[in-house]
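One structure below.
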Amino acid sequence: MAKCIECGNSFGFFELTEKRCKSCYDKVFPKCDTCFQEFSSSEMVGGSCESCHEKQEKKVKDQYRQSSVESLQGASVKTVFVASEKSAAPGIFSDRLGGNVNGELLASSIERACNQLMSEGYKIVEITPINSGLVVHDPNVGYGYGGYTSGVVITASTV
């Protein structure tokens, strides 16, 4: 009986291909799921040969790009900036930054802006905070970075 050079199991002579059983041969020379040609395992990417894998990735990207273009056709996009208001709360650097951000007031301003956009037929897509700040030096404290949310940008779309 002949033995598989990979797993060492005994097989009939005609059951071996290049001295390997079918199971071991398929591991060493897997077939591409797309073109069904044999490749070495190092030439395979996720069940496909490198060439087929690249073609599949390009096809998926093209389909995504096409669906994105189709979803944007006829769409109207609107952006709104909602500025934060600061309160004169005590803090190490708050005097140099112009105060601290009033979070409750900012939240209600965002809510009003979103409700206005939705009443105009827009769907809120994203709310992005805009951060500002500066590096300050205090002889008694040292250097520090004072940062705050200066506002948000609300992006809305009719689609």
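Following our numbering, the numbering of the sequence shown begins with 1246 at its first residue and continues without gaps. C-beta atoms are modelled at their ideal positions from N, C-alpha and C, and glycine is treated no differently. Remember, it's a predicted structure, so these values are computed and weren't measured experimentally.
Query - C-alpha distance - R1265 paired with V1305, whole-angstrom precision - result: 36 Å
Query - Pairwise C-alpha distance: A1352 and S1321 - result: 25 Å
Query raised in the report: Exposed or buried, which one is S1377 when buried takes at least 16 other CB atoms within 10 Å?
Result: exposed
Query - Every unbroken beta strand (DSSP E) inside the stretch 1361-1403 [3 residues or more] - result: 1368-1383, 1387-1402
Requested in this report: Taking all protein chains shown into account, decide if L1350 is buried (16 or more other Cβ within 10 angstroms of its Cβ) or exposed.
Outcome: exposed
Query raised in the report: Can you tell me whether S1329 is buried or exposed, with buried defined as 16 or more other CB within 10 angstroms of its CB?
Result: Buried.
**Report entry** Rounded straight-line distance, which links the Cα of F1326 to that of M1289
**Finding:** Answer to the nearest angstrom: the Cα atoms are 49 Å apart.
Query raised in the report: Under three-state DSSP, which class holds K1405?
Result: Nothing can be reported for residue 1405: it is not among the residues displayed for the chain, which extend from 1246 to 1404.
**Report entry** Residue closest to E1402, alpha-carbon to alpha-carbon, out of S1293, K1323, L1379, E1251
**Finding:** Per the sequence presented here, residue 1402 reads as Ser, with Glu not at that position. It is K1323 whose Cα lies nearest to the Cα of S1402.
Requested in this report: Apply the 10 Å Cβ neighbour rule to V1346 and answer buried if 16 or more other Cβ atoms are within range, or exposed otherwise.
Outcome: buried
Report task. State buried or exposed for S1255, treating a residue as buried only when at least 16 other CB atoms are found within 10 Å of its CB. Result -> exposed
Requested in this report: Return yes when the Cβ of D1383 is within less than 9 Å of the Cβ of G1392, no when it is not.
Outcome: no
Report task. Would you mind sorting V1398 into buried or exposed? The rule is 16 or more other CB atoms within 10 Å of its CB. Result -> Flag for V1398 reads exposed.
**Report entry** Collapsed DSSP secondary structure at A1328 in the structure displayed
**Finding:** strand
Query raised in the report: Do the CB positions of F1274 and E1260 come within less than 9 Å of each other?
Result: Judged by beta-carbon spacing, E1260 lies beyond the 9 Å limit of F1274, meaning their Cβ atoms are not closer than that value.
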